[in-house]
Amino acid sequence: MEIQIQRIGLFRPEKNPKSCTLSLDMDWKIDYTDFGNNSVGYIFYVESGSGIPLKFKIEGKVVLEDSEKLPGNLSELLLDRGLNIMVELFNITRDRIVSVQNELFSIDEFRGKVKNLEV
1 MEIQIQRIGL
11 FRPEKNPKSC
21 TLSLDMDWKI
31 DYTDFGNNSV
41 GYIFYVESGS
51 GIPLKFKIEG
61 KVVLEDSEKL
71 PGNLSELLLD
81 RGLNIMVELF
91 NITRDRIVSV
101 QNELFSIDEF
111 RGKVKNLEV
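Residues 1 to 119 in the numbering used here are what the sequence shown spells out, letter by letter.
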């Protein structure tokens, strides 16, 4: 069996809330779609009930070997892996400070810089 991920969506608050914890009070569900001969599609949703407002979604496919049956614990596997991915993504998408140097150019100066890049 192979679990594939085709699309991931993490909808987090615009600003990191201060002194807020990621609560385990979360609603989750898995919708199974596109039942094929050797595969089944899935959409995994998580939404926090309290604490940090967070929505998370994974779309993917479970591909089976020849005549392999879906395991009875498939939902548990998807939940476990999905939550691990969600926590990792949440951690790497925290606020980052990026400094940008603001330079003003006239149109002619800008054209000159673009022409130099075209070479």
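C-beta atoms are modelled at their ideal positions from N, C-alpha and C, and glycine is treated no differently.
Residue i to residue j, Cα distance in whole Å?
i    : j    : result
M1   : L64  : 5 Å
V119 : I107 : Low local confidence applies: a pLDDT of 46 at V119 is under 50, so the model's placement there is unreliable, with the coordinate-based value given in what follows. Going from the Cα of V119 to the Cα of I107 covers about 19 Å.
L77  : P53  : 24 Å
N38  : L70  : 10 Å
I8   : I92  : 14 Å
F90  : N84  : 10 Å
Under 7 Å, do residue i and residue j count as touching if we go by C-beta distance?
i   : j   : result
I58 : G36 : no
K55 : Q4  : no
F11 : I30 : no
E47 : D27 : yes
DSSP state of residue i, grouped into three classes?
i    : result
E65  : coil
V119 : Here V119 scores only 46 on pLDDT, less than 50, and its place in the model should not be relied on; the value that follows carries that caveat. Looking at V119 - three-state DSSP - the assignment turns out to be coil, as it is neither helix nor strand.
L10  : strand
Those runs of the beta strand (DSSP E) which lie wholly inside the region 24 to 51 and span at least 3 residues: Runs of the beta strand (DSSP E) inside the region 24 to 51: 26 to 33, 39 to 48.
Those runs of the beta strand (DSSP E) which lie wholly inside the region 69 to 95 and span at least 3 residues: none
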